[in-house]
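Colleague:
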Amino acid sequence: GENVEQHPSTLSVQEGDSAVIKCTYSDSASNYFPWYKQELGKRPQLIIDIRSNVGEKKDQRIAVTLNKTAKHFSLHITETQPEDSAVYFCAAGEGSNYQLIWGAGTKLIIKP
Amino acid sequence: NAGVTQTPKFRVLKTGQSMTLLCAQDMNHEYMYWYRQDPGMGLRLIHYSVGEGTTAKGEVPDGYNVSRLKKQNFLLGLESAAPSQTSVYFCASQMGGGLEQFFGPGTRLTVL
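Quick mapping for you: the protein sequence lines, in order, are chains P and U.
Note that the working numbering has the first sequence beginning at 1, numbered continuously upward.
Note that the working numbering has the second sequence beginning at 1001, numbered continuously upward.
Structure representation (structure tokens):
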């Protein structure tokens, strides 16, 4: 069946450095790729998403890139801050479908 | 506008007991979902609904039942709880395919 692989499972970076989380998907029909952030003890919340008609999208310090040929997409966080510490989930879906296929999550640790 | 709410927030059950988790949303969303989240395993879809009166199985439906009698409510039932069902349960709702899923605050369930 469809699956989404997410790497790394844990990422530790120095405050101020950049962080990159990568996901690969198997379903070539996927055309919607959201990223969710889950702080400790809280609910997941959407931070950015991208659709297959664009290759990159930015929102302040956060960017997502998509390579449809290789079936992978990445989350880039620049100038990391302590509040970026959280678990990040990627997901993939087909626009008219109801379900998202989720990655297993990446725990991002920002070291002071 | 409360968004997505879940009742209860915490619950401890004994093996074999039953319970119902309630999810409510006030955003007039068509789609609703129940996920479970276990350490290191991300979000796994239990059941979902694409409209009032409809339900469908997700990735891990065994041991759970659901009902969507009203558009704003989605109930998750455990008929005979097992320790393997110890988890954090999240409800989510979505306006349509390829759009943001809004999550509830979660229910932490422990089955002894």
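Just so it is clear, CB atoms sit at the ideal spot from N, CA and C, and this is done for glycine as well.
Against chain P, does U:R953 count as a neighbour if the rule is that its beta carbon must be under 9 Å from one of theirs?
Modeller: With chain U represented from 1001 up to 1112, any question about residue 953 of chain U goes unanswered, as that position is not in the structure.
Colleague: Quick one: using the 10 Å Cβ neighbour count with 16 as the cut-off for buried, is P:N31 buried or exposed?
Modeller: Position 31 of the first sequence holds residue 31 of chain P. By the 10 Å Cβ count, P:N31 comes out buried.
Colleague: Which residues of chain P have a Cβ atom closer than 7 Å to the Cβ of U:V1050, listed in chain order?
Modeller: Working through the second sequence from its first residue, we reach residue 1050 of chain U at position 50. Within 7 Å Cβ-Cβ: Y98.
Colleague: Hey, does P:F73 have any beta-carbon neighbour from chain U nearer than 9 Å?
Modeller: If you number the first sequence from 1, residue 73 of chain P lands on position 73. By this cut-off, P:F73 is not an interface position.
Colleague: Which partner residues does P:S74 have in the DSSP bridge list?
Modeller: Start at 1 with the first residue of the first sequence, and residue 74 of chain P comes out as number 74. Answer by DSSP bridge pairing, in chain order: P:K22 and P:T65.
Colleague: Chain P partners of U:E1079, CB-CB under 9 Å?
Modeller: Counted from its first residue, the second sequence places residue 1079 of chain U at position 79. None at all; the shortest Cβ gap to chain P is about 24 Å.
Colleague: Find the residues of chain P that neighbour U:G1042, judging by a C-beta separation of less than 7 Å, and give them in chain order.
Modeller: For the purposes of this step, residue 1042 of chain U is taken as residue 42 along the second sequence, with counting starting at 1. Residues of chain P passing the Cβ test: F89, W102, G103, A104 and G105.
Colleague: So what's P:E2 in DSSP terms, helix, strand or just coil?
Modeller: The residue given as residue 2 of chain P occupies position 2 in the first sequence. Reduced to three states, the DSSP call for P:E2 is coil.
Colleague: Under the assumption that P:K111 contacts P:E15 (Cβ atoms under 8 Å), give the Cβ distance between them as a whole number of angstroms.
Modeller: On the first sequence, residue 111 of chain P is found 111 positions in, with the first residue counted as 1. On the first sequence, residue 15 of chain P is found 15 positions in, with the first residue counted as 1. Sure, about 6 Å apart at Cβ, within 8 Å.
Colleague: Short of 6 Å in beta carbon distance, which residues of its chain neighbour P:T78, apart from the five on each side in sequence? Order them along the chain.
Modeller: Numbered from its first residue, the first sequence carries residue 78 of chain P at position 78. Taken in chain order, the residues that qualify are S18 and R61.
Colleague: For chain C, is any of its Cβ atoms less than 9 Å away from the one on U:G1104?
Modeller: The question asks about chain C, but that chain is absent: this structure's protein chains are P and U.
Colleague: State the Cα-Cα distance for the pair P:L75 and P:P44, rounded to the nearest angstrom.
Modeller: If you number the first sequence from 1, residue 75 of chain P lands on position 75. If you number the first sequence from 1, residue 44 of chain P lands on position 44. C-alpha separation (whole angstroms): 16 Å.
Colleague: For my contact list, U:G1098 and P:G103 are in at a C-beta cut-off of 8 Å; report their separation, rounded to the angstrom.
Modeller: Taking the second sequence and counting its residues from 1, one reaches residue 1098 of chain U at position 98. Taking the first sequence and counting its residues from 1, one reaches residue 103 of chain P at position 103. The C-beta separation of U:G1098 from P:G103 comes to about 18 Å, leaving the pair out of contact by the 8 Å criterion.
Colleague: Give me the chain P residues within the contact set of U:Q1101, using Cβ-Cβ distance strictly less than 9 Å, ordered along the chain.
Modeller: As a first step, residue 1101 of chain U is located in the second sequence; it is residue number 101 there, counting from the start. Within 9 Å Cβ-Cβ: P34, Y36, P44, L46, A91 and L100.
Colleague: Apart from the five residues on each side of it in sequence, which residues of its chain come closer than 7 Å, Cβ to Cβ, to U:N1065?
Modeller: Within the second sequence, the letter at position 65 stands for residue 1065 of chain U. These residues qualify, in order along the chain: G1077 and E1079.
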